[in-house]
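Residue numbers (this note's numbering), protein chains in the order written: chain D, 4 to 364; chain F, 39 to 238.
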Amino acid sequence: MEYILLPAVLLGIMLAITGLIIVADKALGSGGLKKIVINGNKEIEVTSDDTLLNILSQNKIFLSSACGGKATCGLCKCQVTEGGGEIKPTEMPLLSAKDKENNVRLTCQVKPTALTKITIPEGLLTAKEFKTKLVKMTDLTYDIKLLDFKLISPETMPFKPGQFAQIKVPGIDIVRAYSIASNPSDPSHIEMIVRYVPKGQATTYVFQALKVGDIVTLSGPYGNFFLQEQSKRDIVCIAGGSGKAPIRSILARLKEQGMTRKVRYFFGAKAVRDLYYTEEMKQLQKEYPNFEYIPALSNPLPQDNWNGATGLITDVLDRMTGDLAEAEAYLCGSPGMIDACIKVLNKHQIKPANVFYDKFA
Amino acid sequence: MVSITVLIEIFIASLLPFNIALASILGMCPLIAISTNVTNAKGMGLAVVLVTTLTAAINWPIYEFLKWSGTDTLDLLVFMITIAASVQFLELAMQKFLPALYNAFGIYLPLITVNCIVLAVSLFFVNYDYGFLETVVFALGSSLGWAFAIVLLSGIREKLSVIADLPRGLKGKAIAFVLLGILALAFIGFAGIARVDPIQ
Chain D
4 MEYILLPAVL LGIMLAITGL IIVADKALGS GGLKKIVING NKEIEVTSDD TLLNILSQNK
64 IFLSSACGGK ATCGLCKCQV TEGGGEIKPT EMPLLSAKDK ENNVRLTCQV KPTALTKITI
124 PEGLLTAKEF KTKLVKMTDL TYDIKLLDFK LISPETMPFK PGQFAQIKVP GIDIVRAYSI
184 ASNPSDPSHI EMIVRYVPKG QATTYVFQAL KVGDIVTLSG PYGNFFLQEQ SKRDIVCIAG
244 GSGKAPIRSI LARLKEQGMT RKVRYFFGAK AVRDLYYTEE MKQLQKEYPN FEYIPALSNP
304 LPQDNWNGAT GLITDVLDRM TGDLAEAEAY LCGSPGMIDA CIKVLNKHQI KPANVFYDKF
364 A
Chain F
39 MVSITVLIEI FIASLLPFNI ALASILGMCP LIAISTNVTN AKGMGLAVVL VTTLTAAINW
99 PIYEFLKWSG TDTLDLLVFM ITIAASVQFL ELAMQKFLPA LYNAFGIYLP LITVNCIVLA
159 VSLFFVNYDY GFLETVVFAL GSSLGWAFAI VLLSGIREKL SVIADLPRGL KGKAIAFVLL
219 GILALAFIGF AGIARVDPIQ
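Take a look at the structure:
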């Protein structure tokens, strides 16, 4: 008898309490209607308890986010002028003193309250979601692939050379940002260069699951890193790893304009097996005397027979550049490489306003 | 009907000589973690008082039902469920009616679900064979005692962090444990002034 009574009583109590909570939840509402005011003119009304980042993306406003809401990349920042609550400990390491003063928050950590007011750059309101089809996948090196997406709907994504887009990884619903490597004059195709990151969720998907013909969701374009087309200054481009992607897009645009500006392109890699697009760059160099491509290897292997520049990219840069007071620089690569290169550029009198960079998180 | 003197004795006993933090050494995790400043300690203390008293009051009639149906061996499991549910309920109600207070509590309210003193108070009233009023008074006294302990400890830690030049190995949690030990010793001084099971 007891063997039936005990579980029955326990189950009964659990069901009763669950029922009560459900009734209470319905009656009290989980927070009720929330209103989000964007830039003082656009309003979104939601009832969910989700984070600001997710609510915005559900409403087709795509803030950039490389980590996908884990508070590690610090890209989804936006100004929350009202209703954001206190800064959470998870946000602290990614917010500068200036950010804190201006109420800048990580939207992936903020849960909106009844009335939340936020300010986001108008440019971001133009980022959209795209249904695309992977039409080509090329191996560039042993761990770098070029992906070519044909846009299905909408059919074009007008972007500035240097900007990036995000891939949504199906199934696990995470997004990762990759620079657009294709020519901005053809907005119906988006090419991306993806380097394999061991155990990386998105790159594992790209390298092991993604096939030509797959339908992939992209969003974009994002980013403040793009070619300043109105300027006439000489250009220094510096890239490492898969950082060739945005530079490739920038070079395509410069080439169309007849390469009227003097361009020097430094590319840092470990050994010959990490180099790619070398022929394309040599060809460009042959066609346009204004363009110079300088690959630098930090650890060339004995069998590489390397007779180009050797050493860390910073040393090669320092050795081979003169006064940069009137030049512009475009950097793309790991945060460590970019910080080190900016130091070298500063040494050559570059103006900080003319340095543009895209750090991979 | 219990006399008022018995209730007063239970209250004083649970607050001081049988202080749940310093005599029973319960609820140590939040006591150490949230006692770095007085403001947070007060918030946590208040939340604990609210939840402990409420859940003890809910658990008492439920325990009576378990006794009646002869299933009182289930008390631990059932208490855990009611505690989790009442914290959830409290959260919903506060979010709706007292949003300011809800925001002030922030993370502390959900944290309390796993605070062992809430469960301990409910299990103690079973041991002491309390009636409803005694249970509520005991829960209030115990949780106020815990709040008292965390505020005391946080006050000392706050001062200490400013004025004391502690050796590296003693900083933070280590010194908190030492302070807690000294506080517990001090509370032994209250022994004998009241009993949680008064002689009636």
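Ideal Cβ positions, reconstructed from N, Cα and C, are used throughout, including at glycine.
Is the CB of residue i under 8 Å away from at least one CB in chain F?
{"i": "I196 (chain D)", "result": "no"}
{"i": "V12 (chain D)", "result": "yes"}
{"i": "D102 (chain D)", "result": "no"}
{"i": "L31 (chain D)", "result": "yes"}
{"i": "I41 (chain D)", "result": "no"}
{"i": "A74 (chain D)", "result": "no"}
{"i": "L109 (chain D)", "result": "no"}
{"i": "L9 (chain D)", "result": "yes"}
{"i": "I297 (chain D)", "result": "no"}
{"i": "D28 (chain D)", "result": "yes"}
{"i": "I16 (chain D)", "result": "yes"}
{"i": "I24 (chain D)", "result": "yes"}
{"i": "I20 (chain D)", "result": "yes"}
{"i": "G243 (chain D)", "result": "no"}
From residue i to residue j, what does the alpha carbon distance come to, in whole angstroms?
{"i": "V358 (chain D)", "j": "Y333 (chain D)", "result": "6 Å"}
{"i": "M118 (chain F)", "j": "I58 (chain F)", "result": "19 Å"}
{"i": "G325 (chain D)", "j": "P164 (chain D)", "result": "26 Å"}
{"i": "S234 (chain D)", "j": "M95 (chain D)", "result": "37 Å"}
{"i": "K171 (chain D)", "j": "C81 (chain D)", "result": "21 Å"}
{"i": "N106 (chain D)", "j": "V113 (chain D)", "result": "12 Å"}
{"i": "C335 (chain D)", "j": "I341 (chain D)", "result": "7 Å"}
{"i": "N349 (chain D)", "j": "P355 (chain D)", "result": "8 Å"}
{"i": "T313 (chain D)", "j": "D321 (chain D)", "result": "12 Å"}
{"i": "A123 (chain F)", "j": "S180 (chain F)", "result": "21 Å"}
{"i": "D235 (chain F)", "j": "K38 (chain D)", "result": "54 Å"}
{"i": "L208 (chain F)", "j": "A214 (chain F)", "result": "9 Å"}
{"i": "K148 (chain D)", "j": "P187 (chain D)", "result": "20 Å"}
{"i": "L92 (chain F)", "j": "A85 (chain F)", "result": "11 Å"}
{"i": "N185 (chain F)", "j": "D28 (chain D)", "result": "It is Ala, not Asn, that sits at residue 185 (chain F) in the sequence shown. Approximately 30 Å, taken between the alpha carbons."}
{"i": "K131 (chain D)", "j": "L98 (chain D)", "result": "27 Å"}
{"i": "G83 (chain F)", "j": "L182 (chain F)", "result": "7 Å"}
{"i": "E331 (chain D)", "j": "Q352 (chain D)", "result": "11 Å"}
{"i": "I16 (chain D)", "j": "I237 (chain F)", "result": "35 Å"}
Please determine, among the options, the residue with the shortest C-alpha to C-alpha distance to residue i.
{"i": "Y6 (chain D)", "options": "F:P68, F:T111, F:L88", "result": "F:T111"}
{"i": "K134 (chain D)", "options": "D:T110, D:I147, D:P173", "result": "D:P173"}
{"i": "A71 (chain F)", "options": "F:G210, F:D235, F:F225, F:A232", "result": "F:G210"}
{"i": "I241 (chain D)", "options": "D:R267, D:K63, D:F229", "result": "D:R267"}
{"i": "S252 (chain D)", "options": "D:F210, D:G314, D:D189", "result": "D:D189"}
{"i": "N302 (chain D)", "options": "D:V275, D:D342, D:L9", "result": "D:V275"}
{"i": "T220 (chain D)", "options": "D:G243, D:S185, D:A180, D:P187", "result": "D:A180"}
{"i": "E125 (chain D)", "options": "D:F65, D:I183, D:A100", "result": "D:F65"}
{"i": "A117 (chain D)", "options": "D:E104, D:E46, D:D318, D:S99", "result": "D:E46"}
{"i": "G81 (chain F)", "options": "F:A138, F:A222, F:V116", "result": "F:A138"}
{"i": "P157 (chain D)", "options": "D:K29, D:K136, D:L304, D:A69", "result": "D:K136"}
{"i": "Y225 (chain D)", "options": "D:L9, D:T129, D:V49, D:I353", "result": "D:T129"}
{"i": "S73 (chain F)", "options": "F:L217, F:A222, F:V234, F:A232", "result": "F:L217"}
{"i": "I175 (chain D)", "options": "D:T144, D:P161, D:A212", "result": "D:A212"}
{"i": "L127 (chain D)", "options": "D:T84, D:A168, D:K153", "result": "D:A168"}
{"i": "V12 (chain D)", "options": "F:L198, F:V164, F:S107", "result": "F:S107"}
{"i": "I24 (chain D)", "options": "F:A202, F:A131, F:T173", "result": "F:A131"}
{"i": "V215 (chain D)", "options": "D:D142, D:K91, D:A330", "result": "D:D142"}
{"i": "W98 (chain F)", "options": "F:L88, F:V87, F:G83, F:V116", "result": "F:V116"}
{"i": "E232 (chain D)", "options": "D:G223, D:T263, D:L150, D:V209", "result": "D:T263"}
{"i": "G223 (chain D)", "options": "D:Y291, D:V40, D:S60, D:M17", "result": "D:S60"}
{"i": "K139 (chain D)", "options": "D:T50, D:N62, D:S67, D:I218", "result": "D:I218"}
Does any residue of chain D bring its CB to less than 8 Å from the CB of residue i?
{"i": "V116 (chain F)", "result": "yes"}
{"i": "F127 (chain F)", "result": "yes"}
{"i": "T120 (chain F)", "result": "yes"}
{"i": "N141 (chain F)", "result": "yes"}
{"i": "T151 (chain F)", "result": "no"}
{"i": "L112 (chain F)", "result": "yes"}
{"i": "L191 (chain F)", "result": "no"}
{"i": "A93 (chain F)", "result": "According to the sequence as given, residue 93 (chain F) is Thr; it is not Ala. T93 (chain F) does not count as touching chain D."}
What is the C-beta distance between residue i and residue j, in whole angstroms, given that I count them as a contact (C-beta under 8 Å)?
{"i": "V125 (chain F)", "j": "T90 (chain F)", "result": "The pair is not a contact, with the Cβ atoms about 11 Å apart (cut-off 8 Å)."}
{"i": "T119 (chain D)", "j": "G86 (chain D)", "result": "4 Å"}
{"i": "G88 (chain D)", "j": "L109 (chain D)", "result": "With 8 Å as the limit, G88 (chain D) and L109 (chain D) do not qualify as a contact, their Cβ atoms being about 12 Å apart."}
{"i": "S337 (chain D)", "j": "G243 (chain D)", "result": "6 Å"}
{"i": "L109 (chain F)", "j": "L8 (chain D)", "result": "A small fix is needed here, since residue 109 (chain F) is Thr in this sequence, not Leu. Indeed, because the Cβ distance is near 6 Å, the residues count as touching under 8 Å."}
Can you confirm whether the stretch 274-283 of chain D touches the stretch 294-304 of chain D when touching is taken to mean that 3 or more C-beta pairs between the two stretches lie within less than 8 Å? yes
Three or more beta-carbon pairs under 8 Å between the stretch 149-158 of chain F and the stretch 47-63 of chain D, yes or no? no
Is the stretch 184-197 of chain D in contact with the stretch 236-249 of chain D, if contact means three or more CB pairs nearer than 8 Å? yes
Answer yes if the stretch 45-57 of chain F comes into contact with the stretch 218-229 of chain F, meaning at least three C-beta pairs across the two stretches below 8 Å, and no otherwise. yes
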